[in-house]
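Shown next, in structure tokens, is the structure this report addresses.
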Amino acid sequence: GAGVSQSPSNKVTEKGKDVELRCDPISGHTALYWYRQSLGQGLEFLIYFQGNSAPDKSGLPSDRFSAERTGGSVSTLTIQRTQQEDSAVYLCASSLARQSYEQYFGPGTRLTVT
Amino acid sequence: AQSVTQPDIHITVSEGASLELRCNYSYGATPYLFWYVQSPGQGLQLLLKYFSGDTLVQGIKGFEAEFKRSQSSFNLRKPSVHWSDAAEYFCAVGAKGYQKVTFGTGTKLQVIP
């Protein structure tokens with residue numbers, strides 16, 4: 005079946021521009037996570053959505069980062085006024101609520117800020 | 003707070019040799035432990051997980067891991083490595099009722115002929 009998809013796969017942007025990254029979770033998965041993977045680093049948790057509950061935004065590094073999830077499905081991660089340190093791979097994952105520990109990951113979006 | 007340490011950044015093994023990747027965690031209660039694999043340009047795929055019960059867990063692709071509470075470890079093993087196992091491996095720790103999972107920094111595995 006269809007897995008988690010992310011778009012674009014690669015994004016190059018100029019410093020100061022805004023970018024939007026999209027995640028389509030597996031159908032029926034109510035939990036959705038965003039992570040950032042920088043070179044040589046592990047996965048940094050950014051934000052977590054579960055059903056209609058308020059998202060857990062505790063991992064967002066600054067107020068330039070925001071995310072929304074529409075209709076309990078597709079999610080968009082927005083980075084405003086991008087900085088060079090935002091360059092990383094942004095990974096999305098989804099899971100079933102009752103098995104929320106088993107996450108299914110998308111291929112990621114590689115963001116390069118020049 | 004929970005944390006995970008993967009002390010080896012890179013490991014090189016010969017094809018057919020055995021493999022052990024180290025993972026140490028820090029968590030007060032019984033952790034939920036995971037190993038994920040990331041092939042180049044791909045997302046992460048779950049190899050195996052430990053929640054409770056038998057401390058030796060079997061996963062996909064011939065991998066296994068052993069939970070050792072006394073050593074706070076969850077090392078990943080494979081008896082005979084194949085060239086297709088070359089990838090980056092991430093250990094992660096979670097907890098019951100706690101939705102966030104903390105990932106280690108990863109171990110990059112190189113397999114030589």
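Residue numbers (the numbering used here), protein chains in the order written: chain A, 5 to 118; chain B, 3 to 115. No residue lacks a Cβ here, since even glycine has one placed at the ideal position from N, Cα and C.
- Taking the CA atoms as reference points, S31 (chain A) sits about 26 angstroms from L35 (chain B).
- Residue pairing for W38 (chain A): DSSP places it in a beta bridge opposite A:I51 and A:C96.
- Just so you know, the alpha carbons of Y29 (chain B) and K51 (chain B) end up roughly 16 angstroms apart.
- Counting the other Cβ atoms within 10 Å of the Cβ of E72 (chain A) gives fewer than 16, which makes it exposed.
- The beta carbons of S9 (chain A) and T113 (chain A) sit no closer together than 8 angstroms.
- If the five residues before and after L64 (chain A) are omitted, its C-beta is found closer than 7 angstroms to the C-beta atoms of L50 and I51, all from its own chain and listed in chain order.
- L36 (chain A) places its beta carbon less than 8 angstroms from that of F53 (chain A).
- Near chain A, meaning a CB-to-CB distance below 9 angstroms, the residues of the stretch 31 to 62 of chain B are Y34, F36, Y38, Q40, G43, Q44, G45, L46, Q47, L48, K51 and F53.
- Partner residues in the beta bridge of F69 (chain B), as assigned by DSSP, are B:F76.
- In this structure, DSSP gives K51 (chain B) an extended state, which the three-state scheme calls strand.
- A97 (chain B) is not a Cβ neighbour of Y38 (chain B), given a cutoff of 8 angstroms.
- In terms of beta-carbon proximity, V103 (chain B) lines the interface with chain A, with at least one pair separated by less than 8 angstroms.
- Residues of chain B whose Cβ lies closer than 8 angstroms to the Cβ of F69 (chain A) do not exist, since the nearest Cβ in that chain is about 16 angstroms away.
- For K110 (chain B), the enclosing beta strand (DSSP E) covers residues T109 to I114.
- Not flagged as an interface residue toward chain B: V117 (chain A), since no C-beta distance is shorter than 8 angstroms.
- Between the stretch 78 to 97 of chain A and the stretch 13 to 24 of chain A, the count of Cβ pairs shorter than 8 angstroms is three or higher; the stretches touch.
- The shortest C-alpha to C-alpha distance from E90 (chain B) to any of A:Q45, A:G110, A:S11 and A:Y39 is the one to A:Q45.
- When the five nearest sequence neighbours on each side are left out, the beta carbons in the same chain lying within less than 6 angstroms of the beta carbon of Q60 (chain B) are those of E66, in order along the chain.
- In the three-state DSSP reduction, G46 (chain A) falls in the coil class, being neither helix nor strand.
- For F92 (chain B), the chain A residues whose Cβ falls inside 8 angstroms of its Cβ are G46 and L47, in order along the chain.
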